[in-house]
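All remarks here apply to the structure that follows.
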Amino acid sequence: MPRPADQLPDPPASLDSERAAELTVHTKAALRRQRRELATSVDKAFKHIPWPLRGAVRRVLGA
Amino acid sequence: MSAATESRAEAAKLARLLGLDGPESLTYVHQVPASELRDYREAVTELLYDDDQALLQRTADAARLLPAHTLATMGEHALGPLICARLTGLLDPDRAVEISGHFPIDFLAQLSAELDPRRAVDVVTSMPGDRVLEIAVAMAAAGEHVAMGRFVAHLDEGTLAGCIEELTDEDLLRIAFVLEGKERLDEVFELVGLERTQRILDGAESMGLGEEALDLRDHLNARQRKQLRRRAGG
C-alpha cells in the first residue's frame, strides 16, 4: 500500500511555480526527518525493554 | 485584521510545522491568502500524522505491555519528542498522562511543541493543571508561541488563567497573534483583564510587536475596545 506521503499536498495555488517547488522541498524534508526519526528510534527503544518482555513486544510490532 | 497580517500569522504556523528556523524562512508566502496557507498547513499536518500510521499504531499497541516508567525512559532517550507526539493520540489517555508524569518538564515542553492537540484532546484535557502550567512556562522560554497557540482552546478556564498569570506580556501577545480559533481571543483577554491588556498594547511597539498589537485590538469585542478607549481617554 502506498504511504500517504506519496501524495504530497498541492502547494497554495497563488504561489508561483518556483516558490511552490521551494515549499514542497520543505514539506518533503519534514516528512523525511519524521521517517528517519521513527525508523531509528524504534530500534533504539528496544534496548530499554526488559529482556523477558522483548519477545512479546517484537511480536506486537511485527518486527 | 489585514489580509497581510493574517497571512503572516499563518506563515509562522506553517514554518513551525515544517521545522524551519523561524517565520522569516517563509516570507515569500506572505502574499498568499491566509485561507490557502491554512488549507496547505492542514494538508501537511494530515500527511505527517498519517504517514507510517500502521507502525505507530503497532508501537502504541506494544506500549501496553510495558510499565509507564520504562515507556517514559524509552520516550525520552530513544523515541524523542517528535515520535512521542505522534504516539500520544494513539495511546489510552489515562496511560498517556501516567507516562507523562515520568517525563521531565523540558521534554514535555518539546513533545507538546510537536503535538497537534486536536489529535490528543483527551490527553491534553486530562493533564493536571499545575503540570500544564509548568509546560507552558517551559514552552514560552523555548519560544514555542506558535505551538502554544494550538493549545489555548483545549484548556479549561482555571488552567488558562493560571498560564496567563505566569506568562509575560510579550508571551501573551505573541501567542494571541498565532492563536488557533481567534474568535475566542476576546474571551481569553477577559481573563487577562483590562489593565494588563492596556499595558500589553502600550508596550507592544517597544517589543517590536506593533502589528501583533493591532491584530489583538481588532479581535477584542466592541465592549472591550470601548473600555480601552475610555481608559486611554481618562
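Sequences listed follow chains A and B, in order.
Heads up: the first sequence is residues 1 to 63, going by the numbering used here.
Heads up: the second sequence is residues 1001 to 1234, going by the numbering used here.
Just so it is clear, CB atoms sit at the ideal spot from N, CA and C, and this is done for glycine as well.
As the structure is a prediction and not an experimental result, all values here were calculated from the model.
DSSP-derived helix/strand/coil call for residue i
i	result
glycine 1203/B	helix
serine 1002/B	coil
serine 14/A	coil
lysine 44/A	helix
glutamine 1224/B	helix
leucine 1018/B	coil
proline 2/A	For proline 2/A, the predicted structure reports a pLDDT of 44, less than 50, and the residue's modelled location is therefore unreliable. A value from the coordinates is still provided. Three-state result, proline 2/A: coil.
valine 1178/B	coil
methionine 1074/B	helix
aspartate 1156/B	coil
proline 1093/B	helix
glutamine 7/A	coil
Nearest to residue i (by Cα), restricted to the options the options
i	options	result
valine 1124/B	Glu1165/B, Gln1057/B, Asp1094/B, Phe1103/B	Asp1094/B
leucine 1091/B	Pro1033/B, Leu1201/B, Val1178/B, Ala1060/B	Ala1060/B
glutamate 1134/B	Gly1203/B, Asp1218/B, Phe1107/B, Leu1079/B	Phe1107/B
lysine 44/A	Leu1048/B, Leu1055/B, Gln1031/B, His1077/B	His1077/B
valine 1029/B	Leu1048/B, Ala1004/B, Val1121/B	Ala1004/B
glycine 55/A	Leu1047/B, Leu1065/B, Ile1099/B	Leu1065/B
proline 1081/B	Ala1136/B, Ser1100/B, Thr1045/B, Ala1054/B	Ser1100/B
serine 14/A	Ser1002/B, Asp1021/B, Ser1035/B	Ser1035/B
leucine 1228/B	Leu1201/B, Gly1208/B, Val1146/B, Leu1209/B	Leu1201/B
threonine 1168/B	Arg1199/B, Gly1019/B, Ala1012/B	Arg1199/B
arginine 1119/B	His1102/B, Met1127/B, Arg1086/B, Ile1105/B	Arg1086/B
arginine 1217/B	Phe1189/B, Gly1208/B, Ser1206/B, Gly1233/B	Phe1189/B
Under 7 Å between C-beta atoms of residue i and residue j
i	j	result
glycine 1149/B	glutamate 1180/B	yes
alanine 1062/B	leucine 31/A	no
threonine 1073/B	histidine 48/A	yes
phenylalanine 974/B	aspartate 1215/B	For chain B, the structure presents residues 1001 to 1234; residue 974/B sits outside this window and is missing.
leucine 23/A	aspartate 1052/B	no
glutamate 1140/B	aspartate 1171/B	Note that residue 1140/B is alanine in the sequence shown here, rather than glutamate. Going by C-beta atoms, alanine 1140/B is nearer than 7 Å to aspartate 1171/B.
proline 12/A	tyrosine 1040/B	yes
arginine 1007/B	alanine 1015/B	The sequence shown places serine at residue 1007/B, not arginine. No, Cβ-Cβ distance for serine 1007/B and alanine 1015/B is not below 7 Å.
leucine 1079/B	serine 17/A	no
leucine 1048/B	glutamine 34/A	yes
Min CB distance residue i to chain B below 7 Å
i	result
alanine 140/A	A query on residue 140/A cannot be resolved here, the shown segment of chain A reaching from 1 to 63 and no further.
alanine 56/A	yes
threonine 24/A	no
proline 52/A	no
arginine 36/A	no
alanine 45/A	yes
Cβ shell of residue i (< 7 Å), same chain only, five flanking positions each side left out
i	result
glutamine 1057/B	Leu1090
glycine 1129/B	Gly1158, Thr1159, Gly1162
histidine 1154/B	Pro1117, Val1121, Val1124, Thr1125
aspartate 1186/B	His1219, Leu1220, Asn1221, Gln1224
glutamine 1110/B	Pro1081
valine 1146/B	Ala1012, Lys1013, Arg1016, Val1178
CB contact below 7 Å: residue i versus chain A
i	result
alanine 1024/B	Looking at the sequence provided, one finds glutamate at residue 1024/B rather than alanine. Glutamate 1024/B does not count as touching chain A.
leucine 1087/B	no
leucine 1048/B	yes
isoleucine 1083/B	yes
alanine 1012/B	no
threonine 1073/B	yes
leucine 1018/B	yes
leucine 1065/B	yes
aspartate 1061/B	yes
glutamate 1036/B	yes
Chain E within 7 Å of residue i, Cβ atoms only
i	result
serine 17/A	The chain inventory of the structure shown lacks chain E, comprising the protein chains A and B.
Proximal residues to residue i (C-beta, below 8 Å), its chain only, five neighbours per side dropped
i	result
glutamate 1212/B	Leu1173, Arg1174, Ala1176, Phe1177, Ala1204
glutamate 1166/B	Leu1133, Ala1136, Val1137
Cβ-based neighbour list, residue i, same chain, cut-off 6 Å, excluding 5 preceding and 5 following
i	result
glycine 1075/B	Cys1084
valine 1192/B	Ile1164
alanine 20/A	Pro11
glutamate 1144/B	Ala1113
leucine 1071/B	Ala1063, Ile1099
phenylalanine 1151/B	Pro1117
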